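Engineer: I'd like to ask you about the structure that follows.
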Amino acid sequence: MTHSIAILGASGYTGAELIRLIAGHATMKITALGANSKAGQTISQVFPHLRHLDLPPLLQIDEIDFANIDLCFCALPHKTSQEVIARLPADLKIVDLSADFRLRDPEAYKKWYGNAHAAVAQQEEAVYGLTEFYRDEIRSARLVAGTGCNAATGQFALRPLITGGLIDLDDIILDLKCAVSGAGRSLKENLLHAELSEGYHAYAIGGTHRHLGEFDQEFSKLAGRPVQVQFTPHLVPANRGILATVYVKGDAEAIHNALESAYSAEPFIEVLPFGEAPSTRHIRGSNFCHIGVTSDRLPGRTIIVAALDNLTKGSSGQALQNANLMLDIEETEGLMMAPLFP
């Protein structure tokens, strides 16, 4: 059986990544591509690296006929995404890659994103798309909300430790480095080569990063009481990858054992031997997440390091993983490619 797929926001980085992944999928066929700003162009004009693929031209979203579409990926910016999804057919399966449906509380969305939610009915039905922890709900969902790439990385490192009661919930420090593609493809002065290369910098310092809304929501739900982490992201002059260094109070060997146990059957999560640390070089272009655990020189403290590709496991790969479940396809289909190295 072939599944007909639409991608909205196909001219952005996550849209291009979706096309790359689906090109190697056994049962998915892209039949519609939406990109309002580049409507009328071909994919080869927008992304020359995809010119070998036989794909439909880019259309205005309102020009797309969704009657025979089995699933739609929505790779649009937040705020735009909710407005578009509210107008899509009510029975259409959707995987949204924006932030618009990640937060269950409309007031939390307004707090972190600065505007009232315009699709509250859809927000109420959305399932949070962290595949390894919401697999059953995703299978039966109509609308799945992809996680933030930073939020996914931190959660892979911490969720099993919170549920296992292995760490001090009031002393969690998350130091994260993110590659520049996480900021999207739009032109921004601070992302010019001359202003970004040869250095890196912290941003959203002091608890203002929007992915904190996801950490607050998910960690507090797991713990059954409010949990707030210290989180500082840094922008690094690399195209792909996230590296999160997490500092916690807890026994290192118990933490390593818990992570190994939690992820032993997971196809995309690799827990490294105790004392080893991952690198973004080793997950680039893949749907894998590598996690390492090391004891600190200070007694009772542990360092956890997690690495994933923000465009793949942190976004488009996760989206395809979820879509596979929603369409009753093997979860790993189209996603078992090896990382690119060097």
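Position one of the sequence shown corresponds to residue 12 (this note's numbering), numbered consecutively onward. From the three backbone atoms N, C-alpha and C, an ideal C-beta is built for every residue, glycine too. These numbers come from a predicted model, not from an experiment.
Which residues mark the beginning and the end of the beta strand (DSSP E) in which residue 306 is found?
Structural biologist: Residues 300-306.
Engineer: When you compare only the Cα positions, how much space is there between residue 275 and residue 269?
Structural biologist: Computed Cα separation, rounded: 10 Å.
Engineer: So, residue 135 versus residue 280, is the Cβ gap smaller than 8 Å?
Structural biologist: Not closer than 8 Å, so no.
Engineer: Using only the alpha-carbon positions, how far apart do residue 296 and residue 101 sit?
Structural biologist: Their backbone Cα atoms lie some 34 Å apart in a straight line.
Engineer: Could you check whether the stretch 314-329 touches the stretch 19-27, counting it as contact only if at least three pairs of C-beta atoms, one from each stretch, sit closer than 8 Å?
Structural biologist: Touching, yes.
Engineer: What residue range does the beta strand (DSSP E) around residue 156 cover?
Structural biologist: Start and end: 154-156.
Engineer: On the criterion of 16 or more Cβ atoms from any shown chain inside 10 Å, does residue 242 qualify as buried, or is it exposed?
Structural biologist: With 16 or more Cβ atoms within 10 Å of its Cβ, residue 242 is classed as buried.
Engineer: From which residue to which residue does the alpha helix (DSSP H) around residue 336 run?
Structural biologist: Residues 328-337.
Engineer: If you draw a straight line from the alpha carbon of residue 91 to that of residue 112, how long is it in whole angstroms?
Structural biologist: For residue 91 and residue 112, the distance between alpha carbons rounds to 12 Å.
Engineer: Suppose contacts are defined by Cβ-Cβ distances below 8 Å. Is residue 337 in contact with residue 95 by that definition?
Structural biologist: For residue 337 and residue 95, no; Cβs fall outside 8 Å.
Engineer: What span of residues does the alpha helix (DSSP H) with residue 166 cover, start to end?
Structural biologist: Element bounds for residue 166: 160-174.
Engineer: Name the residue from 318, 221, 216 and 78 whose alpha carbon lies nearest to the alpha carbon of residue 114.
Structural biologist: Cα-wise, what sits closest to residue 114 is 221.
Engineer: Mapping the DSSP letters down to three states, classify residue 219 as helix, strand or coil.
Structural biologist: It is coil, neither helix nor strand.
Engineer: As an exercise, report each continuous alpha helix (DSSP H) stretch of at least 4 residues that is fully enclosed by the stretch 81-151, in chain order.
Structural biologist: Listed in chain order, they are 91-96, 117-124, 131-136 and 142-150.
Engineer: Answer with buried or exposed for residue 71, where buried requires no fewer than 16 other C-beta atoms within 10 angstroms of its C-beta.
Structural biologist: That one is exposed.
Engineer: Looking only at C-alpha atoms, which of 19, 197, 181 and 37 sits nearest to residue 230?
Structural biologist: Comparing Cα positions, the closest option is 181.
Engineer: Excluding five sequence neighbours on each side, which residues of the same chain lie with their C-beta closer than 6 Å to the C-beta of residue 256?
Structural biologist: Closer than 6 Å at Cβ, skipping near neighbours: 186 and 316.
Engineer: Name the two residues that bound the continuous beta strand (DSSP E) containing residue 26.
Structural biologist: Run containing residue 26: none in the beta strand (DSSP E); it sits in the alpha helix (DSSP H), 24-33.
Engineer: By Cβ distance below 6 Å, which residues in the same chain neighbour residue 2 in space, the five residues on each side in sequence not counted?
Structural biologist: Here the chain covers residues 12 to 353 and nothing more, so residue 2 does not appear.
Engineer: When burial is assigned at 16 or more other CB atoms within 10 Å of the CB, is residue 197 buried or exposed?
Structural biologist: It counts as exposed.
Engineer: Kindly list the residues whose CB is nearer than 8 Å to the CB of residue 272, restricted to its own chain and excluding five residues on each side of it in sequence; keep chain order.
Structural biologist: If we look at residue 272 and ignore the five residues flanking it on each side, its Cβ neighbours are 171.
Engineer: On a CA-only basis, which of 311, 305 and 148 is nearest residue 178? Give me that one, please.
Structural biologist: Residue 311 is the option with its Cα nearest to residue 178.
Engineer: Do residue 244 and residue 214 have their beta-carbon atoms positioned less than 8 Å apart in this structure?
Structural biologist: Yes, these two residues count as a Cβ contact at 8 Å.
Engineer: By the three-class DSSP mapping on this structure, what secondary structure does residue 325 have?
Structural biologist: Three-state DSSP puts residue 325 in a helix.
Engineer: Quick one: Cα of residue 15 to Cα of residue 39, how far?
Structural biologist: Between residue 15 and residue 39, the C-alpha separation is close to 6 Å.
Engineer: Quick one: complete beta strand (DSSP E) runs, 3+ long, within the stretch 258-290?
Structural biologist: DSSP runs (the beta strand (DSSP E)) wholly in the stretch 258-290: 280-282.
Engineer: Out of 117, 120, 208 and 258, point me to the one whose CA is closest to residue 183's CA.
Structural biologist: When each option's Cα is compared against that of residue 183, the closest is 258.
Engineer: Evaluate residue 74 with the Cβ neighbour count: other Cβ atoms within 10 Å of its Cβ, from every protein chain shown; 16 or more gives buried, anything less gives exposed.
Structural biologist: When all chains shown are included, residue 74 counts as exposed.
Engineer: Taking the alpha-carbon positions, what's the residue 304 to residue 286 distance?
Structural biologist: Those two C-alpha atoms are separated by around 6 Å.
Engineer: Any idea if residue 167 is buried or exposed, counting beta-carbon neighbours within 10 angstroms, 16 or more meaning buried?
Structural biologist: Residue 167 is buried by the Cβ-count criterion.
Engineer: Just curious, the beta strand (DSSP E) that residue 44 is in, first and last residue?
Structural biologist: That run of the beta strand (DSSP E) goes 39-45.
Engineer: Starting from the C-beta of residue 319, find all residues in its chain whose C-beta is less than 6 Å away, skip the five residues before and the five after it, and write them out in chain order.
Structural biologist: Closer than 6 Å at the Cβ level, and outside the excluded window around residue 319, lie 164, 253, 294, 300 and 325.
Engineer: Among 99, 190, 169 and 289, which residue has its Cα nearest to the Cα of residue 207?
Structural biologist: Ranking the options by Cα distance to residue 207, first place goes to 190.
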